[in-house]
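Colleague: Position in the sequence shown counted from 1, then plus 3, gives you the working numbering.
Here's a structure for you.
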Amino acid sequence: MALDLNHKSILVTGGTGSFGKQFVQTVFEQFPQVKRLVIYSRDELKQYEMSQVFPHAKYPAIRYFIGDVRDGERLKRACEGVDILVHAAALKQVPAAEYNPMECIKTNIFGAENVINAALDCGVKDVVALSTDKAAAPINLYGATKLCSDKLFVAANNMKGRRDLRFSVVRYGNVIGSRGSVVPFFLQRRHSGVLPITHPDMTRFNISLEQGVDLVLYALENAWGGEIFVPKIPSYKITEVAKAIGPDCRQEIVGIRPGEKLHEEMITETDALSTVELDKYYVILPYTPQWDTEKFIQHFGGKRVAAGFHYDSANNDEWLDAEQIREEIRLHVDATFQA
């Protein structure tokens with residue numbers, strides 16, 4: 004049965020972020036009869052700015068709740084009557100997390116536990132949590148907290164009892180043009196004539212906001228509970244991004260920052276032992292005894308990945324060159340961009 008969010012109540016934590024805005028736009032376009040769409044976040048200014056784009060007068064289903072995922076009681080109040088919860092709230096800047104570790108832990112780990120408890124206590128039916136490629140074999144605190152978060156959401160399926168409730172995770176790479184990412188940084192710096200490059204061989208995965216939203220909708224439609232969904236997406240070299248944005252700029256090598264990888268990984272060789280390949284996605288399945296992997300494969304027409312498989316941004320069949328990145332920026336970041 005196709006996904007139908009009409010007449011459903013949905014809550015998005017961190018809903019004023021880049022993903023939240025795209026998710027809201029997509030839901031209103033595809034499911035105009037959605038019952039309620041709750042934006043839960045802690046920044047009143049961002050909520051005010053978002054309400055200018057999605058005003059209640061034009062979108063009567065929308066609600067704006069001030070609250071922090073660290074506040075379990077407030078989160079439970081916001082979840083009353085909610086059918087679907089999309090958890091996008093996180094502290095995600097790697098240097099900030101390294102400098103303020105407990106703040107990152109409180110939001111990304113304790114906040115995840117609060118989301119799980121709110122869903123269990125309030126009758127939520129489906130929970131999808133957003134993760135990151137940095138959660139696979141993490142070397143920085145942000146990635147470590149998101150790995151903990153992933154584990155919490157997968158394990159939450161063991162605590163639901165008789166509840167009609169599914170917890171799943173989506174894990175993907177850098178969103179082109181998202182706040183704090185390299186594209187807007189390079190766009191700001193290109194007029195200086197110099198673009199700082201951490202390492203000439205550095206690679207990253209690339210995904211658009213639209214693809215990220217599609218992945219969440221896919222998980223909502225297909226999750227049995229406990230899966231980590233990973234999209235098949237292209238990679239790029241950081242030097243190609245610099246060429247796309249500032250073809251005449253000098254590239255200055257500044258060195259890798261603390262906690263930063265040369266290549267990002269989404270599926271480790273160990274994860275591959277329980278990973279199934281579908282047409283557009285990989286799915287890391289839980290190890291719990293009650294999970295029927297063969298039934299999952301038969302239902303979705305997938306196959307187990309080969310022994311020794313791993314999926315990182317340097318080990319990819321699809322790559323974006325400078326011209327393709329330039330087009331991605333035009334489509335998803337700045338329609339007026341001319342490199």
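Think of the CB as a built atom: it goes at the ideal place given N, C-alpha and C, for glycine as much as any other residue.
None of these values were measured; they are calculated from a predicted model.
Quick one: what's got a C-beta closer than 7 Å to Ala342's C-beta in the same chain, skipping five residues either side?
Modeller: Stepping through the sequence shown from its first residue, residue 342 is reached at position 339. Model confidence at Ala342 stands at a pLDDT of 44, short of 50, so the residue's coordinates are unreliable and nothing is read from them.
Colleague: Tell me the rounded alpha-carbon separation between Ala325 and Pro237.
Modeller: Here the question's residue 325 lines up with position 322 in the sequence shown. Here the question's residue 237 lines up with position 234 in the sequence shown. Rounded to whole angstroms, Ala325 to Pro237 spans 13 Å at the Cα level.
Colleague: Suppose you measure from the CA of Arg207 to the CA of Ile200; what does that come to, to the nearest Å?
Modeller: Against the sequence shown, residue 207 aligns to sequence position 204. Against the sequence shown, residue 200 aligns to sequence position 197. So the two alpha carbons sit approximately 13 Å from each other.
Colleague: Would you grab the beta carbon distance between Pro203 and Ile256 for me? Rounded to a whole angstrom, and I think it's under 8 Å.
Modeller: Numbered from its first residue, the sequence shown carries residue 203 at position 200. Numbered from its first residue, the sequence shown carries residue 256 at position 253. Indeed, because the Cβ distance is near 6 Å, the residues count as touching under 8 Å.
Colleague: Chain D beta carbons: is any one of them nearer than 7 Å to that of Arg333?
Modeller: In the structure shown, chain D cannot be found, because there is only a single protein chain.
Colleague: Would you call Ile42 buried or exposed, if buried means 16 or more other Cβ atoms sit within 10 Å of its Cβ?
Modeller: As a first step, residue 42 must be located in the sequence shown, where it is residue number 39. Flag for Ile42 reads buried.
Colleague: With C-beta atoms as the reference, is Gly305 less than 7 Å away from Leu281?
Modeller: Reading the sequence shown from its first residue, position 302 is the one you call residue 305. Reading the sequence shown from its first residue, position 278 is the one you call residue 281. In contact: Gly305 and Leu281 (Cβ atoms closer than 7 Å).
Colleague: In the DSSP assignment, find the unbroken alpha helix (DSSP H) run with Gln327 in it and report its ends.
Modeller: As a first step, residue 327 must be located in the sequence shown, where it is residue number 324. Unbroken alpha helix (DSSP H) run through Gln327: Ala325 to His335.
Colleague: For Phe208, name the three-state secondary structure that DSSP assigns.
Modeller: On the sequence shown, residue 208 is found 205 positions in, with the first residue counted as 1. DSSP places Phe208 in strand when its eight states are reduced to three.
Colleague: Contact defined as beta carbons within less than 8 Å: I believe Glu268 pairs with Ala140. What is the distance between those atoms, to the nearest angstrom?
Modeller: Translated into positions along the sequence shown, residue 268 becomes position 265. Translated into positions along the sequence shown, residue 140 becomes position 137. With a Cβ gap of about 5 Å, Glu268 and Ala140 count as contacting.
Colleague: Give the range of the beta strand (DSSP E) segment to which Pro234 is assigned.
Modeller: Here residue 234 corresponds to residue number 231 of the sequence shown, with the count starting at 1. Looking at the DSSP string, the run of the beta strand (DSSP E) that includes Pro234 is Ile231 to Pro234.
Colleague: Go through the region 60-132 residue by residue and report every complete run of the beta strand (DSSP E) that reaches 3 residues or more, in order.
Modeller: Within the region 60-132, the complete beta strand (DSSP E) runs of at least 3 residues are 65-69 and 87-90.
Colleague: Which runs of the alpha helix (DSSP H) fall wholly inside the region 189-277 and span at least 4 residues, in chain order?
Modeller: Taking only runs of at least 4 residues, the alpha helix (DSSP H) segments lying wholly in the region 189-277 are 212-225 and 241-248.
Colleague: Measuring alpha carbon to alpha carbon, tell me which residue in Met205, Phe232 and Trp227 is nearest Asp217.
Modeller: In the sequence shown, residue 217 corresponds to position 214, counting from 1. Of the candidates Met205, Phe232 and Trp227, the one whose C-alpha sits nearest the C-alpha of Asp217 is Phe232.
Colleague: What is the rounded straight-line gap between the Cα of Leu212 and the Cα of Ala132?
Modeller: Against the sequence shown, residue 212 aligns to sequence position 209. Against the sequence shown, residue 132 aligns to sequence position 129. Whole-angstrom Cα-Cα distance: 15 Å.
Colleague: So, helix, strand or coil for Ala342, using DSSP?
Modeller: Position 339 of the sequence shown holds residue 342. Any reading at Ala342 must be qualified, since the residue scores a pLDDT of 44, below 50, and its modelled position is unreliable; the value itself is stated next. Ala342 falls in the coil class under three-state DSSP.
Colleague: So what's Glu153 in DSSP terms, helix, strand or just coil?
Modeller: On the sequence shown, residue 153 is found 150 positions in, with the first residue counted as 1. In the sequence as presented, Glu is not what sits at residue 153; that position holds Asp. Of the three classes helix, strand and coil, the one that applies to Asp153 here is helix, per DSSP.
Colleague: Starting from Leu14, follow the beta strand (DSSP E) in both directions and report where the run begins and ends.
Modeller: Position 11 of the sequence shown, counted from the first residue, corresponds to residue 14. Leu14 -> beta strand (DSSP E) spans Ser12 to Thr16.
Colleague: Would you mind working out which of Asp74, Arg169 and Gln28 sits nearest Arg45, comparing C-alpha positions?
Modeller: As a working note, residue 45 is residue 42 in the sequence shown. Nearest of Asp74, Arg169 and Gln28 to Arg45, Cα basis: Asp74.
Colleague: Taking all protein chains shown into account, do 16 or more other C-beta atoms lie within 10 angstroms of the C-beta of Asp295, making it buried, or fewer, making it exposed?
Modeller: One-based indexing of the sequence shown puts residue 295 at position 292. So Asp295 counts as exposed.
Colleague: Glu280 by DSSP, collapsed to three states: which one?
Modeller: Looking up residue 280 in the sequence shown gives position 277. Reduced to three states, the DSSP call for Glu280 is strand.
Colleague: Please report how far the alpha carbon of Leu334 lies from the alpha carbon of Pro104, in whole angstroms.
Modeller: Looking up residue 334 in the sequence shown gives position 331. Looking up residue 104 in the sequence shown gives position 101. Whole-angstrom Cα-Cα distance: 36 Å.
Colleague: What is the rounded straight-line gap between the Cα of Ala81 and the Cα of Ile112?
Modeller: Here residue 81 corresponds to residue number 78 of the sequence shown, with the count starting at 1. Here residue 112 corresponds to residue number 109 of the sequence shown, with the count starting at 1. For Ala81 and Ile112, the distance between alpha carbons rounds to 19 Å.
Colleague: Check whether the region 48-57 and the region 147-160 touch, using three or more Cβ-Cβ pairs below 8 Å as the test.
Modeller: No, they do not touch.
Colleague: Is the CB-CB distance between Gly215 and Val97 below 7 Å?
Modeller: If you number the sequence shown from 1, residue 215 lands on position 212. If you number the sequence shown from 1, residue 97 lands on position 94. For Gly215 and Val97, no; Cβs fall outside 7 Å.
Colleague: Quick check on this structure: which residue in Pro289, Ile13 and Asp315 has the alpha carbon closest to the alpha carbon of Leu155?
Modeller: Locating residue 155 in the sequence shown gives position 152, counting from the first residue. Answer by Cα proximity: Pro289.
Colleague: Taking Val336 as the reference, give the member of Ile87, Asn120 and Gly180 with the closest Cα.
Modeller: Along the sequence shown, one-based indexing puts residue 336 at 333. Answer by Cα proximity: Gly180.
Colleague: Kindly list the residues whose CB is nearer than 7 Å to the CB of Asn120, restricted to its own chain and excluding five residues on each side of it in sequence; keep chain order.
Modeller: Along the sequence shown, one-based indexing puts residue 120 at 117. So the list reads Gly75, once near-sequence residues are dropped.
Colleague: Compare the Cα-Cα distances from Ile13 to each of Glu297, Phe22 and Arg39 and report the closest residue.
Modeller: By one-based count along the sequence shown, residue 13 stands at place 10. It is Arg39.
Colleague: Just to confirm the assignment, what range does the alpha helix (DSSP H) spanning Ser21 have?
Modeller: Looking up residue 21 in the sequence shown gives position 18. Ser21 to Gln33 is the span of the alpha helix (DSSP H), which, as asked, contains Ser21.
Colleague: In three-state terms, what does DSSP make of Tyr314?
Modeller: In the sequence shown, the residue the question calls residue 314 occupies position 311. Tyr314: strand per DSSP, three-state reduction.
Colleague: Rounded to the nearest angstrom, what separates Asp7 and Leu198 at their Cα positions?
Modeller: Here residue 7 corresponds to residue number 4 of the sequence shown, with the count starting at 1. Here residue 198 corresponds to residue number 195 of the sequence shown, with the count starting at 1. Cα to Cα, Asp7 sits roughly 45 Å from Leu198.
Colleague: Can you find the residues in the same chain that come closer than 7 Å, C-beta to C-beta, to Ala99, ignoring five residues on each side of it along the sequence?
Modeller: The residue you call residue 99 lines up with position 96 of the sequence shown. For Ala99, where only same-chain residues beyond five positions count, there are no Cβ hits under 7 Å.
Colleague: Which residues in the same chain as His10 place their Cβ atom closer than 8 Å to its Cβ, once the five residues preceding and following it in sequence are excluded?
Modeller: Along the sequence shown, one-based indexing puts residue 10 at 7. Once the five neighbours on either side are set aside, the close Cβ partners of His10 are Gln36, Val37 and Lys38.
Colleague: Leaving out five residues before and five after Phe308 in sequence, what residues of the same chain have Cβ atoms less than 6 Å from its Cβ?
Modeller: Position 305 of the sequence shown, counted from the first residue, corresponds to residue 308. Per the sequence shown, residue 308 should be read as Val rather than Phe. So the list reads Ala275, Thr278 and Glu280, once near-sequence residues are dropped.
Colleague: Which partner residues does Lys137 have in the DSSP bridge list?
Modeller: In the sequence shown, counting from the first residue as 1, residue 137 sits at position 134. Paired residues: none, contrary to the question.
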